[in-house]
Amino acid sequence: MTHLSLPTTPDFDFPSTITSHGWVVLLPNVYDKETYSFSRIEALPGGQAARLTVSSITQNQVKITVESPDELLPSDKKHIKQKVRHMLRLDEDYTDFYVQCQAKGAVWAGLACGQGRMLRSPSLFEDLVKVICTTNIQWGGTKRMVRELVDAYGTPFTPQPELKAFPAPQAIASDSLDAFKGKVNLGYRAAYIHELSVRVADGSLDLSELADDTAPTAEIRKKLKGIKGIGDYAATSMLMLLGRYDEIPTDTVFRDHMRKNHAAEGDFDLKQALAVYEDWGCWKALAYWFEMLESE
DNA sequence: TTCCAGGGGTAGA
DNA sequence: TCTACCCATGGA
Numbered sequence: 005m006t007h008l009s010l011p012t013t014p015d016f017d018f019p020s021t022i023t024s025h026g027w028v029v030l031l032p033n034v035y036d037k038e039t040y041s042f043s044r045i046e047a048l049p050g051g052q053a054a055r056l057t058v059s060s061i062t063q064n065q066v067k068i069t070v071e072s073p074d075e076l077l078p079s080d081k082k083h084i085k086q087k088v089r090h091m092l093r094l095d096e097d098y099t100d101f102y103v104q105c106q107a108k109g110a111v112w113a114g115l116a117c118g119q120g121r122m123l124r125s126p127s128l129f130e131d132l133v134k135v136i137c138t139t140n141i142q143w144g145g146t147k148r149m150v151r152e153l154v155d156a157y158g159t160p161f162t163p164q165p166e167l168k169a170f171p172a173p174q175a176i177a178s179d180s181l182d183a184f185k186g187k188v189n190l191g192y193r194a195a196y197i198h199e200l201s202v203r204v205a206d207g208s209l210d211l212s213e214l215a216d217d218t219a220p221t222a223e224i225r226k227k228l229k230g231i232k233g234i235g236d237y238a239a240t241s242m243l244m245l246l247g248r249y250d251e252i253p254t255d256t257v258f259r260d261h262m263r264k265n266h267a268a269e270g271d272f273d274l275k276q277a278l279a280v281y282e283d284w285g286c287w288k289a290l291a292y293w294f295e296m297l298e299s300e
């Protein structure tokens, strides 16, 4: 058992961050609502799979408890800290968003105490696969498909081999598409996820290009839509996970929210609906998402 | 049983 | 750029 910790700034709300959307209950993440913590099995650079339990017991600090069969290498500890920082977005600055929240008031006023961060996966590959698994399916189906992927292709945690890490692209790519389809029931998404895995595994697709913060959003969007299975909704969702909030994913969740809370008619005009959040500038998606959460 | 989900690819205009 | 049409799967 190893204990690691990460310092946080005062404007960081751990419970809000991990429960900001459904990611915390998608395997390998396991949410503990009693303690407002989550755990996940993570494959480490040293080769072994460890269980990380992430919590925030004291203010200004995130605690990571690591259970591993073998002693952690220094590179493992560094890797874990980097990945948890990434998941919790500890390096993102929300100052300007909070200024706008205070100015707007209403449901947004409460966000300025450190909310607004949306949990993400340690890797862009995991986020891409999970976003594809949210398309044209109910949430229960998303959880089922991700569970099947982890069960079939994840690296097991030795002390409890039924617990597994998220699959590496190489693990999926090592099977043919037909074999992949035989192990997981992803419907027509199987071909998209298999192709993505193959391209990442053989190096023909470099996902790190998506994280280039100096590139314009339009360029990142174009690269995202070059991945089969990523359309407008999925690309915009990925842009949010990449820390770009200037566009709103217009899926059924958005449409339902606008009908219920902004008196939009049955087949409302999408441009008019999006115009509701226009004055939020580069924070449109967060303004919408957290208003939607508060109105539930 | 039918419908459709936190849509997307493709062909044809 | 816009519009039909099709796409696998399983829960409601």
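The first sequence begins at 5 in the numbering used here and counts up by one.
For glycine and all other residues, C-beta sits at the position ideal for the given N, C-alpha and C.
- Judged by pairs of C-beta atoms under 8 Å, the region 6-15 touches the region 68-85, as three or more such pairs exist.
- For the 8 Å CB-CB criterion, T6 and V70 form a contact.
- In the displayed model, V154 falls within a helix according to three-state DSSP.
- Non-local C-beta neighbours of A194 in its own chain, meaning closer than 8 Å and more than five positions away in sequence, comprise L181, F184, K185 and V188, ordered along the chain.
- Under the DSSP definition of a beta bridge, F42 partners with Y35 and V58.
- Under a 10 Å Cβ-count criterion, Q119 is classified as buried, with 16 or more other Cβ atoms of the shown protein chains found around its own Cβ.
- By the Cβ test, the region 42-50 is in contact with the region 167-174, since at least three Cβ pairs between them sit closer than 8 Å.
- According to DSSP, A47 shares a beta bridge with A53.
- In this structure, DSSP gives S299 a helical state, which the three-state scheme calls helix.
- Assignment of beta-bridge partners to S9 by DSSP yields K67.
- The beta carbon of V34 lies closer than 7 Å to those of F42, S43 and R44 in the same chain, with the five residues before and after it left out.
- Taking a cut-off of 8 Å on C-beta distances, the region 221-229 touches the region 242-251, as three or more cross pairs fall below it.
- Fully enclosed beta strand (DSSP E) runs of no fewer than 3 residues occupy 164-168 of the region 124-168, in order along the chain.
- Boundaries of the alpha helix (DSSP H) harbouring N265: T256 to N265, taken from the DSSP string.
- A direct Cα-to-Cα measurement between I68 and K275 gives close to 44 Å.
- Our two residues, E38 and S20, have alpha carbons roughly 14 Å apart in a direct line.
- When the beta-carbon positions are compared, D255 and Y237 come within less than 8 Å of each other.
- With fewer than 16 neighbouring CB atoms inside 10 Å of its own CB, V103 falls in the exposed class.
- D15 sits in coil when the DSSP states are folded into three classes, being neither helix nor strand.
- With fewer than 16 other Cβ atoms inside 10 Å of its own Cβ, W143 counts as exposed.
- DSSP, reduced to helix, strand and coil, places S201 within a helical segment of the structure shown.
- Taking the Cα positions, G114 is about 19 Å away from C286.
- In this structure, DSSP gives K232 a state outside helix and strand, which the three-state scheme calls coil.
- For Y157, the closest C-alpha among the options T146, A177, R148 and G145 is that of A177.
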